[in-house]
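Asks:
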Amino acid sequence: MSVEDVAAPPPPPSLGRAPAEGDHEEARIILGQRESSFRKDLQWLLFNKYVPSLIQDGPQCGLVALWMATHLLQPPKTVVLETLVQVAKDNGYTKQGEMFSVMRILHCLMNDICSDRLDFNHEPCLRNGHKAHWAVVSGVLLGLRQGCVDSRHFPPDLTLPWLHLSQNEASVSWPTDGVKEVFVLAKQGKSLCYQLWKFELVTQSNSQLKEMDPQRASDGMRYVLPPGGVQDGLAGQLLLLHTNTQKS
Numbered sequence: 000m001s002v003e004d005v006a007a008p009p010p011p012p013s014l015g016r017a018p019a020e021g022d023h024e025e026a027r028i029i030l031g032q033r034e035s036s037f038r039k040d041l042q043w044l045l046f047n048k049y050v051p052s053l054i055q056d057g058p059q060c061g062l063v064a065l066w067m068a069t070h071l072l073q074p075p076k077t078v079v080l081e082t083l084v085q086v087a088k089d090n091g092y093t094k095q096g097e098m099f100s101v102m103r104i105l106h107c108l109m110n111d112i113c114s115d116r117l118d119f120n121h122e123p124c125l126r127n128g129h130k131a132h133w134a135v136v137s138g139v140l141l142g143l144r145q146g147c148v149d150s151r152h153f154p155p156d157l158t159l160p161w162l163h164l165s166q167n168e169a170s171v172s173w174p175t176d177g178v179k180e181v182f183v184l185a186k187q188g189k190s191l192c193y194q195l196w197k198f199e200l201v202t203q204s205n206s207q208l209k210e211m212d213p214q215r216a217s218d219g220m221r222y223v224l225p226p227g228g229v230q231d232g233l234a235g236q237l238l239l240l241h242t243n244t245q246k247s
């Protein structure tokens with residue numbers, strides 16, 4: 000997924016630590032820090048699958064996000080970022096590591112994830128694509144109407160009793176009007192730690208990706224844009240990966 004990103008002020012000390020591994024460990028820390036911002040009249044349910052972190056070197060955010068996402072697919076061999084970069088270059092998709100096309104990201108994956116933009120605080124923003132930045136979404140936090148979450152199937156967390164955790168074997172079902180708030184858990188190549196974003200802001204940011212940053216376009220470097228430019232390559236698009244290999 001691609002959002003827009005702008006340089007940020009120094010992050011708070013809690014975000015400078017090494018990332019915690021595990022599906023729920025780091026999410027607990029983030030949610031605990033922001034506990035007062037969640038509605039107390041809702042039941043909160045967390046789904047997440049851990050992805051590793053990697054800081055990008057240059058404009059590689061799309062390929063770094065793809066590298067993170069491939070770990071969810073449990074590939075038979077180790078995926079190396081340099082290999083993904085070379086595949087993209089060999090196919091004429093990139094010059095510097097930049098990726099402005101969801102379909103070309105998919106082709107890189109098939110040969111060897113969703114598109115947003117980030118603001119100065121590494122949150123999605125609305126700048127027409129001038130700061131387009133890829134992220135991999137690995138989790139979702141749902142605020143549900145009271146009575147929608149069965150604690151027998153989704154036990155409350157021991158440290159955050161208001162938070163219910165998903166279990167892989169638990170089936171998911173609730174009334175269509177039960178979901179009141181939605182956040183996504185995402186990682187991107189400018190931070191080692193998870194980011195928690197409102198889903199509404201992510202979709203708004205993703206849908207208005209229109210053009211390359213004029214400063215980047217005139218920096219003297221060569222970049223590869225798909226037919227139709229940034230808008231046709233990224234706007235309103237995401238790449239959904241799943242591990243369902245059952246034959247139909």
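30 is the number that numbering that gives the first Met the number 0 gives to position 31 of the sequence shown; each next residue is one higher, with no gaps.
Note that the Cβ used here is the ideal one computed from N, Cα and C, for glycine as well.
1) Could you compute how far the alpha carbon of H70 sits from the alpha carbon of P225?
2) Going along the chain, which unbroken runs of the beta strand (DSSP E) with 3 or more residues stay wholly within the segment 148-219?
3) Please report the straight-line C-alpha distance between I28 and L237, rounded to a whole angstrom.
4) Between the alpha carbons of K246 and G227, how many angstroms are there, rounded?
5) Report, in whole angstroms, the separation of the C-beta atoms of V136 and V181, which I expect to be a contact under 8 Å.
6) For R144, does the three-state DSSP call read helix, strand or coil?
7) Is the beta carbon of L233 less than 8 Å from the beta carbon of F99?
8) Quick one: what does DSSP say L117 is sitting in, helix, strand or coil?
9) Contact defined as beta carbons within less than 8 Å: I believe V178 pairs with L141. What is the distance between those atoms, to the nearest angstrom?
10) If you drop the 5 nearest sequence neighbours on each side, which residues of the same chain put their C-beta closer than 7 Å to that of L240?
11) My understanding is that L83 touches L105, with C-beta atoms under 8 Å, so please give their C-beta distance in whole angstroms.
Replies: Once the coordinates are examined:
1) 27 Å
2) 162-164, 178-186 and 194-197
3) 27 Å
4) The pLDDT assigned to K246 is 45, lower than 50, so where the model puts this residue is not dependable; a value taken from the coordinates is nonetheless given after this. Answer to the nearest angstrom: the Cα atoms are 35 Å apart.
5) Wrong, their Cβ atoms sit about 11 Å apart, outside the cutoff.
6) strand
7) yes
8) At L117, the pLDDT of 47 sits below 50, so the modelled position is not reliable; the number obtained from the coordinates is stated separately. If DSSP states are grouped into helix, strand and coil, L117 belongs with the strands.
9) 6 Å
10) A68, L71, L72 and I112
11) Contact doesn't hold; Cβ gap of about 12 Å is too wide.
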